[in-house]
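Down below is the structure, laid out as structure tokens.
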Amino acid sequence: MDELHLIATTTFGLEACAKREAAALGFRQISVSDGRVDFTGDIAAIPKANLWLRTADRVLLVIGEFEAVTFDELFEKTKALPWEDWILEDSKFTVTGKAVKSQLMSVPDCQSIVKKAVVEQLKMKYNVEWFKETGAEYKIQVGLLRDKATLTIDTTGPGLHKRGYRPYVSEAPIKETLAAALVELSYYRRDRVLYDPFCGSGTIPIEAALIAKNIAPGFKRRFVSEEWPQIGESVWKSARADAKDAILDVKPEIYGSDIDASAIEDAVHNAKRAGVGDCVRFSACDVRNAVLPSEYGVAIMNPPYGERLYADDPDEVKALYSQISRLFKDNKKWSACVITSDEDLERRFGRRADAKRKLFNGMIKTDYYQFYGEKPK
């Protein structure tokens, strides 16, 4: 099969992280635009990308891209694409869509037209009038941006943030993909100590441990494209075998604490399911009583913002943030990385952040502040 064009979709602000990951995986012709990283690879790139991309939302296979300003144009150009290369006679497929700043702004009409075009093309190819839809599933997506249509098939299924280790979650949990990005952006290394004093159900410490041990984030889950005959079971088996061989026999020093004892119980269970229960230490502790676990280290935290938790008591949130700043003002050898919507965080810390990046935590606009500590001797 020819070189495939793939897209890794991302949350706004995480494109650079996903680009670095794609480059490290050896993918080719990498380019970045808002909310997506385009790259190319052979058929093995589909399982490899799904297993290893930590900060992307999903992996899409591009079938075609073209300009379309009329429904007739959308129909004819969609029909001309090689759908038979992927969708077989017994396949079941659906069409979803979105449109931004395009003349064709009716998403339901675009979905209907694309579905009809694909059906007509496959009828001609297979010489049938009715499809059994008993085989593998293919989810077609039509995206229109400034009159450019992109037709893709989703290779992932449930989003890549669903690692499979987190049946237990605390209130207002952070997504696994964003947690992994916070770790990557902090420049954490496996030989350093990491601590999260607001760990909730353990997502940030667990993602840090997965990175430290080089465990593929998708290793414990399934993907929709595993059922596709075009890829084949042997390709997926090989990709999973490579991922297993890549796991490092190391034991990083990672800690997490939270005031909610029941959340800590969930975190312990989640870490075990993720395969990192032996290297993440959790404890129930109020941040006001927190003690940093070593002389040097990096703290990564997602404290309450007020928008989701403690919304009726803003003074409690302010007091909490003041305590965070005091903890790290007295510990110059620690780096503190905080994702928050609090625009006064630098004032509370009494210094400008060494790095600051705009990110979205769900629908909440936040900043990721990084205050660097002294380097270990």
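What the sequence shown shows, in our numbering, is residues -9 to 367, in sequence order.
We put the beta carbon where it would ideally sit given N, CA and C, even for glycine.
Small disclaimer: the values here were computed from a predicted structure and weren't measured.
Going by beta carbon distance, what residues of the same chain come within less than 6 Å of residue i, once the five residues before and after it are set aside?
i, result
"residue 365", "none"
"residue 55", "140"
"residue 107", "65, 68 and 69"
"residue 273", "247"
"residue 302", "The pLDDT assigned to residue 302 is 48, lower than 50, so where the model puts this residue is not dependable, and the model offers no usable value."
"residue 208", "40 and 41"
"residue 347", "358"
"residue 89", "95, 97 and 134"
"residue 210", "154"
"residue 233", "41, 206 and 209"
"residue 53", "71 and 141"
"residue 271", "245"
Count the other CB atoms, across all protein chains shown, that sit within 10 Å of the CB of residue i; report buried if there are 16 or more and exposed otherwise.
i, result
"residue 291", "buried"
"residue 285", "exposed"
"residue 70", "exposed"
"residue 218", "buried"
"residue 320", "exposed"
"residue 345", "exposed"
"residue 382", "Any property of residue 382 remains undetermined from this structure, which presents the chain solely from -9 to 367."
"residue 192", "buried"
"residue 368", "Lying outside -9 to 367, the shown extent of the chain, residue 368 is not represented and no answer is given."
"residue 2", "exposed"
"residue 165", "buried"
"residue 238", "exposed"
"residue 96", "exposed"
"residue 84", "exposed"
"residue 9", "buried"
"residue 231", "exposed"
"residue 167", "buried"
"residue 190", "buried"
"residue 256", "buried"
"residue 251", "exposed"
"residue 148", "exposed"
"residue 72", "exposed"
"residue 328", "buried"
"residue 11", "buried"
By Cβ distance below 7 Å, which residues in the same chain neighbour residue i in space, the five residues on each side in sequence not counted?
i, result
"residue 300", "Note that residue 300 has pLDDT 46, beneath the 50 cutoff, so the model's placement of it is unreliable and the number below is only indicative. Excluding residues within five positions, the ones whose Cβ falls inside 7 Å are 294, 306 and 307."
"residue 240", "180, 202 and 203"
"residue -1", "25, 26, 46, 47, 48 and 50"
"residue 229", "34, 37, 38 and 41"
"residue 116", "79"
"residue 226", "37 and 216"
Residue i and residue j: beta carbons closer than 8 Å?
i, j, result
"residue 269", "residue 249", "no"
"residue 41", "residue -4", "no"
"residue 287", "residue 156", "no"
"residue 331", "residue 356", "yes"
"residue 118", "residue 79", "yes"
"residue 145", "residue 214", "yes"
"residue 94", "residue 61", "yes"
"residue 178", "residue 184", "yes"
"residue 264", "residue 153", "yes"
"residue 20", "residue 14", "no"
"residue 333", "residue 342", "no"
"residue 28", "residue -6", "no"
"residue 82", "residue 110", "no"
"residue 258", "residue 199", "no"
"residue 7", "residue 223", "no"
Under the assumption that residue i contacts residue j (Cβ atoms under 8 Å), give the Cβ distance between them as a whole number of angstroms.
i, j, result
"residue 135", "residue 104", "Incorrect: roughly 15 Å between the Cβ atoms, too far for contact."
"residue 324", "residue 352", "Their Cβ separation, rounded to whole angstroms, is 28 Å, which puts residue 324 and residue 352 out of contact at 8 Å."
"residue 171", "residue 43", "Contact doesn't hold; Cβ gap of about 11 Å is too wide."
"residue 289", "residue 253", "In fact, because the Cβ distance is near 18 Å, the residues do not count as touching under 8 Å."
"residue 358", "residue 349", "5 Å"
"residue 194", "residue 261", "Residue 194 to residue 261, Cβ: 12 Å. No contact."
Take residue i and list the residues in its own chain whose beta-carbon comes closer than 8 Å to its own, dropping the five residues that flank it on each side.
i, result
"residue 275", "187, 247, 248 and 249"
"residue 57", "63, 137, 138 and 139"
"residue 86", "101, 129, 130, 131 and 132"
"residue 278", "313"
"residue 30", "-7, -6, -5, -4, 17, 18 and 19"
"residue 220", "-9, 33, 75 and 76"
"residue 282", "185, 289, 317, 321 and 324"
For residue i, would you say it is in contact with chain C, using Cβ-to-Cβ distances shorter than 8 Å as the test?
i, result
"residue 8", "In the structure shown, chain C does not exist; there is a single protein chain."
*Ranges of the beta strand (DSSP E) found wholly within the segment 146 to 211, counting only runs of at least 3*: Listed in chain order, they are 184 to 186.
*May I have a chain-ordered list of the beta strand (DSSP E) segments no shorter than 3 residues that lie completely inside the segment 75 to 155?*
List check, beta strand (DSSP E) in window: 82 to 90, 127 to 135 and 138 to 144.
*Report the residue ranges of all alpha helix (DSSP H) runs contained in full by the segment 274 to 326; include only those spanning at least 4 residues, in chain order.*
Taking only runs of at least 4 residues, the alpha helix (DSSP H) segments lying wholly in the segment 274 to 326 are 304 to 319.
*What residue ranges within the segment 247 to 276 form continuous beta strand (DSSP E) runs of no fewer than 3 residues, ordered along the chain?*
If we require 3 residues or more, the beta strand (DSSP E) runs fully inside the segment 247 to 276 come out as 270 to 274.
*Every unbroken alpha helix (DSSP H) within the segment -3 to 42, with a cutoff of 4 residues, ordered by chain*: Within the segment -3 to 42, the complete alpha helix (DSSP H) segments of 4 residues or longer fall at 5 to 14 and 35 to 42, listed in chain order.
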